[in-house]
Amino acid sequence: MAYRWLDHTAELELHVEAETPELVFQQALAALAELFDGSTGEADVHEVALEAPDLASLLAVWLEELVFLADTRGFVPGRAELVLRNTSLRATVHGRRGEPRPLVKGVTYHGLRLDHSDGGWQARVVLDV
């Protein structure tokens, strides 16, 4: 299970590899949390329930929700207990209040993918910065 960043013009491209879709979503959260930094405040928890037309879109909606929480509530995610069912997600997201770096403006659907192969699951998401 891993994630890595690739340079992309005015954007950041995230690649995630994991054994299960749930772990892809967990690693994507970890990658975004790394970008936000600034988690020095008190502990905070948010309940999230999301739906999308497909699993790749659900990953984008998941990251959009985390960006929204950072922008509007100063929430920096740390970890999540999540359940995926088809194209819906329920999660309890644990983190801290702080001053997240406003690096990420949004999640794009350009080149978005979440694929399964013999080696596990691979995702690609491009973030607007």
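In this text, residue positions in the sequence shown follow the numbering used here: the first is 4, and each later residue adds one.
Note that the Cβ used here is the ideal one computed from N, Cα and C, for glycine as well.
Quick caveat, the model's predicted, so the values are computed rather than measured.
CA nearest to the CA of residue i, picked from the options
i, options, result
"Val48", "Leu26, Glu84, Gly114", "Glu84"
"Phe39", "Gly122, Gly109, Asp121", "Gly109"
"Trp65", "Ala31, His113, Ala5, Ala46", "Ala31"
"Asp131", "Ala36, Pro105, Leu87", "Pro105"
"Ala94", "Leu53, Val27, Leu15", "Leu53"
"Ala46", "Leu117, Leu15, Arg76", "Arg76"
"Glu37", "Ala13, Pro56, Phe78, Asp57", "Phe78"
"Leu115", "Gly101, Phe28, Ser60, Pro24", "Ser60"
N-terminal and C-terminal residue of the beta strand (DSSP E) that residue i is part of
i, result
"Asp40", "Premise fails: Asp40 is in no beta strand (DSSP E) and is neither H nor E."
"Leu117", "109–120"
"Leu130", "123–131"
Residue interval of the alpha helix (DSSP H) (run including residue i)
i, result
"Arg76", "58–76"
Residues bridged to residue i (per DSSP)
i, result
"Val51", "Ala94"
"Leu87", "Leu92"
"Arg82", "His97"
Residue i, DSSP secondary structure in three states
i, result
"Ala34", "helix"
"Glu22", "coil"
8 Å Cβ cutoff, residue i in contact with chain D
i, result
"Asp131", "Absent from the structure is chain D; it holds one protein chain and no more."
Any chance the segment 68–88 sits against the segment 111–124, with 3 or more Cβ pairs inside 8 Å? No, the segment 68–88 does not touch the segment 111–124.
Would the segment 18–28 and the segment 118–126 be scored as touching if the rule is three or more Cβ pairs under 8 Å? Enough Cβ pairs lie closer than 8 Å, so yes.
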